[in-house]
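Each remark here refers to the structure printed beneath this line.
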Amino acid sequence: MSKNKKIFFQIVLMFALLGFTGILINNLIINLTRTDIGFKFNWLIKPASFSLAEHSLPYSPSDSYAWALFIGWINSLKVIISSLILATCIGTLIGFLRVGKNSFFRITTAGFITIVRQTPLLIQLMCWYFVGFLSIRNNTFLNIRNILNISNKGIEFFGLYLSSEFSALLLGLSIFSSAFIAEVIRGGIQSVPLGQWEAYRSLGISEKQGFFKIIIPQALPAFIPGLTSQYLNLAKNSTLAIAVGYSDIYAINDTIINQTGRAIECFIILLFSFLILNLLITKVMGIIDKSIMRSRI
Amino acid sequence: MNNLNSNLNTNLFKKLKRFLLSKSKYNFLNFICFVISISLTFNFLTWIFKSNWKVVTSNLNLYAFGSFPINEQWRPLFWFFILLSITLITIYGPKWNWLRKNLLFGWIGTVPLGIYLLNGGFGLDTVMTRNWGGLTLTILITSCSILFSLPIGILLALCRRSSIFLIQKLSSFYIDVMRAVPLIAVLFFGQLLIPLFLPVGIEIDRVWRAIIAFTLFVSAYIAEDIRGGLQSIPKNQIEAAKSLGLNKFQINIFILIPQALRVALPAITNQLIGLFQNTSLMSILGLMELLGVSRSILANPEFIGQYIEVYIWLASVYWLFCTTMALVSKKLEQKMTINKGF
Amino acid sequence: MKPILIAKNLTKSYAKGIFALNNVSFELDQGKVLVVMGPSGSGKSTLIRTINGLETFDKGELNILGIKIGSDNDERKIQKIRRRVGMVFQQFNLFPHLTILENITLAPIQVQKRQQKEAEEYGMYLLSQMGIESHSKKYPSQLSGGEQQRVAIARSLALKPELLLFDEPTSALDPERINEVLDEMRRLADQGMTMIVVTHEIKFAKEVSDQVLFIDSGKIIEISSPDVFFSNASHERSRKFLNQIN
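Residue numbers (my numbering), protein chains in the order written: chain R, 5 to 301; chain G, 4 to 345; chain X, 162 to 407.
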């Protein structure tokens, strides 16, 4: 296409799009005035008047909606970071076992991966919550000298108390993501050319040393993009918290919409909270990627 | 005799000793793990046989069809049968060329057929969407969303590579925003916001709103997978096509898209498996698909607290379907790879 | 006779002072075979790709089959030229997802809007001319390099071109496969096809070509008949090049 044609086409397209969005916005305005809602954000400073079971910062129902949303965002961040760490540990271990020499572990990890990947996360979460925590008989599952205490109220470890909602979400998310991370790890290790394994073997380097000193450093850069996308997925999946009653950012948005009916404003707020979360994850992973690249030169 | 016996004994002892000790600690570890897993499997099996599966067996109808009218249930059943046979033909069917070429149209055709069978009209009694449910609804939402999101995904991927500034920016913006938002939010706001953008008097019911939301969401992901496929095609393919006088449109249709789809097939399959699993999120929003029906069964006083049985049953159903989808895609991929050796 | 191709002062530079093509002018008559030679990076590939519109140029003018293109690169004119000029690549560039016959019939059906049956018949005729009609239902990856390159030649012939361009057609082949492709090209030359061939095959150039064009650093060093070029090259650089590849 020639340049003039392109510009002409873009102008036509722009007018078509403007017309289309115009119709949509017109409909929206008609619908909003009909239901007498409108589009504003001043409700954010009004008191929320609902209580939150879990808050890392001081919160009471008389605090504003904005503050409640922030608490929810912090709650999201808390569960995302902790399950991100746990999932990485489990996933790396499973990924190593999956490519290892031990046939027993190879088969069991393959079974684990297919079961976890081919069933919905939501069902896994509900399983952890309703079966794992809420139906613990005699209300206590495990109690080791009051250091580790697992009951239907959650997990208590050295005075650190995790509610049953948080624990179910943490376990469910970590186990689910670990299966995907294991596949990333496996793919990364298998991306190292076979000649590298033959090379260290021919030099008489032991299997263990060769694996950790020769293979893993070369596989590291291949891990990063896969891990980043899994972490982003994990962050998005954390919104299923609403199924187990954990008050994350999405659950609080949901409550607010039920109270105030402000769907569009809440959608925009949610969008921005997730843009910030995604940006955080990609930035941190970018820094890690850069430091790996730098250490290789 | 005595001598022989003692010889045998020492031999056995030696063997056991060698097994447990000499061949390093790994064999021993293996042995322990093996014993543990055998006992776990055994425990699990005895639990399965011991526990009461009435919560599953007496509600099979509900799991499959939801509250679909009983004397019309042959309709979804017939649809399942068609789907099953076309799946079997795809995996194990004969390799006739005309069959392979028309199989795609067969798959596409199952979707309108399913909608017709469920919805009724043209000789069949109409069944309202609120009566659709169970596995039927899960499969319907999945198949409709797949059918709509694949072409939209391809189009978005092409737009994102377009040389026209506005088109490229707009599709990039759409894809990036959709990929940043959690699915549950898209579904929830799809239910709330779609009616707000429609003119007064036009309404779309909940099932179709869900399908629209799924389509909007999944097509962004598929677009990225296809874009990856497009990028993997060597530049000289385009040059060869250009030198034959093909125009841009023809190059896209005949050269780029088929090859990109082949490369992106595993990734797209994963998206579609994810889509099938994620239809369960609609239960949070009150739709009576497979998980939604199960939750209402669990709320029935007769079956209260039987979470484990229901969840294990559900997990196996989902697992079976997802594994079948993965198998179909793998078969397709193998056929392409063997024939065409990409 | 009227020349089929006239290149006038073609110039293309990547950066200041680095020329891919430097004031290149030459003519080619109908039915003649022009062999382009030169060291790697000399611009011979760029030259042949320019003729098919795969590369643009900054200055000068090309007149191919009466169609003039300048440095403005009018897409429509280039498209017209491509329909009448065939091209064979070093890496064959067959379409891996199409069968051999589909590779050949794609352009006649889509570009020239011919009937499928007619295109397939002509495609089978071309394949049988090359002795590979038994492969017509196979996919490119199932063929050897030499067979793939012959399919690529058949693919460009399917459009009944008036000029054929060969960009190092034998460079990616195993040595024992080179001759089957060269024989095919020789046959085409005998039939009176106008061709431009970038190649290092001296024997082919000596026997088949009517003219040899030697290019270095984007500049034409000399154009002469093969007898003169190979026995008595007028330029120091041409002689040096011939010594190196002999």
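Even for Gly, the Cβ is constructed at its ideal location relative to N, Cα and C.
Can you check which of these residues, the options, is closest to residue i by C-alpha distance?
i: S360 of chain R; options: R:L284, R:N156, R:F161, R:G199; result: No answer is possible for residue 360 of chain R: it lies beyond the span of chain R, which begins at 5 and ends at 301.
i: L275 of chain G; options: G:S235, G:T132, G:T141; result: G:T141
i: F187 of chain X; options: X:E323, X:Y175, X:K380, X:F391; result: X:K380
i: L259 of chain G; options: G:L158, G:N303, G:L290, G:P185; result: G:L158
i: Q234 of chain R; options: R:G95, R:L152, R:R149; result: R:G95
i: F170 of chain R; options: R:I246, R:P51, R:A223; result: R:I246
i: G292 of chain X; options: X:Y300, X:A280, X:P301, X:A315; result: X:A315
i: I111 of chain R; options: R:I98, R:T123, R:R121, R:Q122; result: R:I98
i: Y286 of chain X; options: X:F327, X:T266, X:Q273; result: X:T266
i: I133 of chain X; options: X:I382, X:Q352, X:F180, X:D388; result: Limits of chain X in this structure are 162 at one end and 407 at the other, which puts residue 133 of chain X out of reach.
i: Y165 of chain R; options: R:F134, R:I151, R:S178, R:L177; result: R:I151
i: T113 of chain G; options: G:W101, G:G96, G:L87; result: G:L87
i: V320 of chain G; options: G:L294, G:T49, G:Q253; result: G:L294
i: A329 of chain G; options: G:N62, G:G277, G:L32; result: G:G277
i: P257 of chain X; options: G:I307, G:I287, G:P261; result: G:P261
i: A350 of chain X; options: X:K193, X:K177, X:K169, X:D233; result: X:K193
i: E302 of chain R; options: R:I219, R:I189, R:G192, R:V188; result: Residue 302 of chain R falls outside the range modelled here, since chain R spans only 5 to 301, and no answer is possible.
i: R210 of chain X; options: X:N184, X:S201, X:M248; result: X:M248
Distance cutoff 8 Å, beta carbons only. Does residue i sit that close to anything in chain R?
i: N255 of chain G; result: no
i: C325 of chain G; result: yes
i: G156 of chain G; result: no
i: S25 of chain G; result: Residue confidence for S25 of chain G is low, a pLDDT of 48 falling below 50, so the modelled location carries little weight; the figure read from the coordinates is stated next. No - not a single Cβ of chain R is within 8 Å of the one on S25 of chain G.
i: S332 of chain G; result: no
By DSSP's criteria, residue i is part of a beta bridge. Which residues make up the other side?
i: L166 of chain X; result: X:L189, X:I225
i: Q14 of chain R; result: Paired residue(s): none; Q14 of chain R is not in a bridge.
i: K50 of chain R; result: Looking at the DSSP assignment, K50 of chain R forms no beta bridge with any residue, so it has no partner.
i: D377 of chain X; result: X:K380
i: I268 of chain R; result: BP columns for I268 of chain R are empty, so no partner.
Just to confirm before moving on: does the CB-CB distance between residue i and residue j stay below 8 Å?
i: A267 of chain G; j: D208 of chain G; result: no
i: T92 of chain R; j: A186 of chain R; result: no
i: G248 of chain G; j: Q240 of chain X; result: yes
i: L291 of chain G; j: G69 of chain G; result: Note on identity: in this sequence residue 291 of chain G is Met, with Leu being the wrong assignment. Yes, the pair counts as a contact, with Cβ atoms nearer than the cut-off.
i: I261 of chain R; j: A267 of chain R; result: yes
i: A213 of chain G; j: G137 of chain G; result: no
i: F12 of chain R; j: E269 of chain R; result: no
i: Q122 of chain R; j: T326 of chain G; result: yes
i: S346 of chain G; j: V313 of chain G; result: In this structure chain G extends from 4 to 345, so residue 346 of chain G is not present and cannot be described.
i: L189 of chain X; j: I165 of chain X; result: yes
i: V58 of chain G; j: I241 of chain G; result: no
i: V358 of chain X; j: V197 of chain X; result: yes
i: R311 of chain X; j: E282 of chain X; result: no
Taking CB distances under 8 Å as the criterion, tell me whether residue i reaches chain X.
i: N250 of chain G; result: yes
i: S246 of chain G; result: yes
i: Q240 of chain G; result: yes
i: P97 of chain G; result: no
i: P72 of chain G; result: no
i: R298 of chain G; result: no
Of all Cβ atoms in chain G, is any one closer than 8 Å to the Cβ of residue i?
i: L304 of chain X; result: no
i: V272 of chain X; result: yes
i: A268 of chain X; result: yes
i: L343 of chain X; result: no
i: Q240 of chain X; result: yes
i: I34 of chain R; result: yes
i: L320 of chain X; result: yes
i: R311 of chain X; result: no
i: P124 of chain R; result: yes
i: F108 of chain R; result: yes
i: F24 of chain R; result: no
i: R398 of chain X; result: no
i: N8 of chain R; result: no
Could you list the residues in the segment 84-102 of chain R with a C-beta less than 7 Å from some C-beta on chain G, going in chain order?
none
Short of 7 Å Cβ to Cβ, which residues in the segment 207-232 of chain X face chain G?
N213, L215
In the segment 249-266 of chain X, which residues sit with their C-beta less than 7 Å from some C-beta in chain G, listed in chain order?
Cβ contacts with chain G come from F250, Q252, N254, F256, P257, H258.
Contact list for the segment 200-213 of chain G against chain R, Cβ threshold 7 Å
Taking 7 Å as the Cβ-Cβ cut-off against chain R, the residues of the segment 200-213 of chain G that qualify are F200, L201, P202, V203.
Residues of the segment 272-285 of chain R with a CB closer than 7 Å to any CB of chain G: list them in chain order, please.
L274, L275, F278, L279, N282
Could you run through the segment 301-317 of chain G and flag, in chain order, every residue whose CB is less than 9 Å away from some CB of chain R?
L301, G308, Y310, I311, Y314, I315, L317
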